[in-house]
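**Q** The following block contains the structure, expressed as structure tokens.
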Amino acid sequence: MARHVCAGRSVLVDVPVVLIADDLTGAAEAAAAFVLRTPRIVDLDALRSVRTSLDAGVTAVDTDSRYVGPELAAERCRTALALLPPSGVVVKKIDSTLRGPLAAELAEVREPGGLLVVAPALPALGRTVIGGAVLVDGVPLERSAAWAAEPRPAPASVAEALAPLPVSVVPLPAVRGGVDELAAALWAAAEGGRVPVCDAETEGDLDRVVGAGRLVARSGRTVRWAGSAGLALALARAQVAAADPPHGTEGGGLPAPPPVGPILFVVGTAAPAAREQLAWLAAHVATVVELDPDQLADPAATAHDVAARTAGRTAVVQLTDAGGAARSPDVVAALARVVEPAARDHPGLVLTGGETARAVLAALGVGELRVREAWDDGVVVSTARGGRVVVTKPGAFGDPRVLVRIAQRLASTRWHVHAEHSPHEEDT
Numbered sequence: 003m004a005r006h007v008c009a010g011r012s013v014l015v016d017v018p019v020v021l022i023a024d025d026l027t028g029a030a031e032a033a034a035a036f037v038l039r040t041p042r043i044v045d046l047d048a049l050r051s052v053r054t055s056l057d058a059g060v061t062a063v064d065t066d067s068r069y070v071g072p073e074l075a076a077e078r079c080r081t082a083l084a085l086l087p088p089s090g091v092v093v094k095k096i097d098s099t100l101r102g103p104l105a106a107e108l109a110e111v112r113e114p115g116g117l118l119v120v121a122p123a124l125p126a127l128g129r130t131v132i133g134g135a136v137l138v139d140g141v142p143l144e145r146s147a148a149w150a151a152e153p154r155p156a157p158a159s160v161a162e163a164l165a166p167l168p169v170s171v172v173p174l175p176a177v178r179g180g181v182d183e184l185a186a187a188l189w190a191a192a193e194g195g196r197v198p199v200c201d202a203e204t205e206g207d208l209d210r211v212v213g214a215g216r217l218v219a220r221s222g223r224t225v226r227w228a229g230s231a232g233l234a235l236a237l238a239r240a241q242v243a244a245a246d247p248p249h250g251t252e253g254g255g256l257p258a259p260p261p262v263g264p265i266l267f268v269v270g271t272a273a274p275a276a277r278e279q280l281a282w283l284a285a286h287v288a289t290v291v292e293l294d295p296d297q298l299a300d301p302a303a304t305a306h307d308v309a310a311r312t313a314g315r316t317a318v319v320q321l322t323d324a325g326g327a328a329r330s331p332d333v334v335a336a337l338a339r340v341v342e343p344a345a346r347d348h349p350g351l352v353l354t355g356g357e358t359a360r361a362v363l364a365a366l367g368v369g370e371l372r373v374r375e376a377w378d379d380g381v382v383v384s385t386a387r388g389g390r391v392v393v394t395k396p397g398a399f400g401d402p403r404v405l406v407r408i409a410q411r412l413a414s415t416r417w418h419v420h421a422e423h424s425p426h427e428e429d430t
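Residues 3 to 430 in our numbering are what the sequence shown spells out, letter by letter.
Have a look at this one:
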């Protein structure tokens, strides 16, 4: 069942925008690209149908399909598309490192006779596309650590990830040429039955791609988009007039959330970056609960123990041996059941990894979030009904101190952390 992320309507959004993501953190991140440029509230609604949410202006749908088979992924994508309005901007939010059943999903998003523009680059995080291949901080994707927790090798190119869809690489010189020429190249690929894959090194490159695609759309042709949060931001820049939020408010024109404490961090991601982030955070948090997947076999007893150990304090619950566990829906669901009593006791939640975030929110029965703002790349801050603050972060995103910075921003005056204290340094 798809979950939905709905952005409050703003007169600055000229047409409805629908974002289809394969996990919850991606859906929130993509929606935040638009909400941070509007003066209105954003709703993250996991319960109501897409159709009833369309009056929100921007709607993001989490199909929860990153780790399902291509047939099921295609079915979920097809179901979401069937509920969409006949007009509006459709964006398939994809992982910047090409994880997930992309070919199956994009085959559903691609409309016969229309243009599907693919631009996976996320320059803010060092993910670029050159010659149709993804680079992570200048290193080819297949030689980087981005796929270290995945069960199969990384694709050497976007074309390999999208096979058997026919693609046409739009090289960087073409992206940086004239907008008319770029628009013509995009449409020529579509007329030839191919999907244009656009190189991009900078946000300006993505802006050029969006400008060219919008030029094609103005000629009356159907244009759809597939890309990372970088493309969503470029579309937001093109769709929405940029405006600074009023003084004393966060994104979306909302009052800044008050300091929060205690905070519960739940980390179930398999991303290698999470280990170093946890090491930094553990240097400042007194309670770190490590759970082996075997402990989840008796969720009631483990949940009681976790709740007792974390009660009334900022704490971390970490799934160890996550290399296989984070990809197991059963284990992630069991983790959510185990942390649910503890989570109810904490006014602040930090959920790392899209599958983990989705499962914990479902266990809590959270049906609506209101996006406040984005902090670090991919870190989205929301509030749930009743005032609980919920921070979501993709597992692979962020530098080693990102969790410490989140703790600082959320912490009450009764609890402070010191970001400069390295876990590898001794106290003096």
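Note that beta-carbon positions come from the ideal geometry of N, C-alpha and C, so glycine has one too.
What are the boundary residues of the beta strand (DSSP E) that Val432 is part of?
**A** Coverage of the chain is limited to positions 3 through 430, which leaves residue 432 absent and any answer about it impossible.
**Q** Considering only residues of the stretch 256 to 292, which uninterrupted alpha helix (DSSP H) runs meet the minimum length of 4 residues and lie entirely inside it, listed in chain order?
**A** The qualifying runs are 274 to 284.
**Q** Secondary structure at Asp294, three-state DSSP: helix, strand or coil?
**A** Here Asp294 sits in coil by DSSP.
**Q** How many angstroms separate the CA atom of Val373 from the CA atom of Gly229?
**A** One C-alpha to the other measures close to 21 Å.
**Q** Roughly how many whole angstroms lie between the Cα atoms of Val7 and Val60?
**A** Low confidence applies here, because Val7 scores a pLDDT of 46, under 50, leaving its location unreliable; read the following figure in that light. Taking the straight line joining both Cα atoms gives about 8 Å.
**Q** Just the Cα atoms here: how many angstroms apart are Thr312 and Thr289?
**A** Roughly 7 Å between the two C-alpha positions.
**Q** Check for me: the alpha helix (DSSP H) holding Asp209 runs from which residue to which?
**A** That run of the alpha helix (DSSP H) goes 205 to 220.
**Q** In this structure, does DSSP put Trp189 in helix, strand or coil?
**A** Helix.
**Q** Would you check if there are 3 or more beta carbon pairs closer than 8 Å linking the stretch 355 to 364 to the stretch 19 to 28?
**A** Touching, yes, given that three or more Cβ pairs across the two stretches are closer than 8 Å.
**Q** From what residue to what residue does the alpha helix (DSSP H) around Ala82 run?
**A** It spans 72 to 84 - the alpha helix (DSSP H) in which Ala82 sits, taken as one unbroken run.
**Q** Consult DSSP for Val17 and reduce its assignment to one of helix, strand or coil.
**A** In this structure, Val17 counts as coil in the three-state DSSP scheme.
**Q** Assuming Arg360 is part of the alpha helix (DSSP H), what are its boundary residues?
**A** Taken as a continuous stretch (DSSP letters only), the alpha helix (DSSP H) holding Arg360 covers 356 to 366.
**Q** What are the start and end residues of the alpha helix (DSSP H) that includes Val381?
**A** Unbroken run through Val381: none, as it is neither H nor E.
**Q** Taking Val160 and Val172 to be in contact with their CB atoms under 8 Å, please state how far apart those CB atoms are, rounded to whole angstroms.
**A** Between Val172 and Val160 the Cβ distance is about 11 Å, and since that is not below 8 Å, they are no contact.
**Q** Would you kindly work out how many angstroms separate the C-alpha atoms of Leu118 and Leu280, rounded to a whole number?
**A** One C-alpha to the other measures close to 39 Å.
**Q** Compare the Cα-Cα distances from Ser146 to each of Ala398, Ala409, Arg407 and report the closest residue.
**A** The option with the nearest alpha carbon to Ser146 is Ala398.
**Q** Thinking just about the alpha-carbon of each residue, which of Leu283, Ala310, Trp377, Gly263 is nearest to the one in Ala126?
**A** If we check each option's Cα against that of Ala126, Trp377 comes out closest.
**Q** How many whole angstroms separate the CB atoms of Ala156 and Leu137, which I take to be in contact at a CB cut-off of 8 Å?
**A** So it is not a contact: roughly 12 Å between Cβ atoms.
**Q** With His286 and Val406 assumed to form a contact (beta carbons below 8 Å), what rounded beta-carbon distance in angstroms separates them?
**A** Indeed they touch by this definition, with Cβ atoms about 6 Å apart.
**Q** Start and end of the beta strand (DSSP E) containing Ala62?
**A** That run of the beta strand (DSSP E) goes 60 to 64.
**Q** Name, in chain order, the residues that DSSP records as bridge partners for Gln320.
**A** Looking at the DSSP assignment, Gln320 forms a beta bridge with Val269, Glu292.
**Q** Using the beta-carbon count (16 or more within 10 Å), is Thr322 buried or exposed?
**A** Burial call: exposed.
**Q** Do Leu208 and Ala121 have their C-beta atoms within less than 8 Å of each other?
**A** Yes, Cβ-Cβ distance for Leu208 and Ala121 is below 8 Å.
**Q** May I ask you to report which of helix, strand or coil DSSP gives Ile96?
**A** Coil, per DSSP.
**Q** Going by other Cβ atoms of all chains shown within 10 Å of its Cβ, with 16 needed for buried, is Ala409 buried or exposed?
**A** Buried, by the Cβ-count rule.
**Q** Distance, Cα to Cα, Leu298 vs Glu375?
**A** Cα to Cα, the separation comes out at about 34 Å.
**Q** Taking Gly215 and Leu188 to be in contact with their CB atoms under 8 Å, please state how far apart those CB atoms are, rounded to whole angstroms.
**A** Rounded, the Cβ-Cβ distance is 6 Å, consistent with contact.
**Q** Rounded to whole angstroms, what is the Cα-Cα separation between Asp294 and Thr385?
**A** If you take the alpha carbons of Asp294 and Thr385, they lie about 30 Å apart.
**Q** What three-state label does DSSP hand Pro88 in the structure shown?
**A** DSSP places Pro88 in coil when its eight states are reduced to three.
**Q** Which whole-angstrom value describes the C-beta separation of Val19 and Gly90, a residue pair presumed to lie in contact below a C-beta threshold of 8 Å?
**A** With 8 Å as the limit, Val19 and Gly90 qualify as a contact, their Cβ atoms being about 6 Å apart.
**Q** Quick one: measure Cβ to Cβ for Val63 and Leu21, integer angstroms, because I've assumed they're closer than 8 Å.
**A** Contact holds; Cβ gap of about 7 Å.
**Q** Near Val93, what residues of its chain come up, given a Cβ to Cβ distance below 8 Å and the 5 sequence neighbours on each side ignored?
**A** Hits under 8 Å: Val19, Val20, Leu21, Ile22, Ala32, Arg226, Trp227, Ala228, Gly229, Leu233, Ala234, Leu237.
**Q** Taking Cβ positions, are Val392 and Leu412 nearer each other than 8 Å?
**A** Their beta carbons are not under 8 Å apart, which means Val392 does not touch Leu412 by this criterion.
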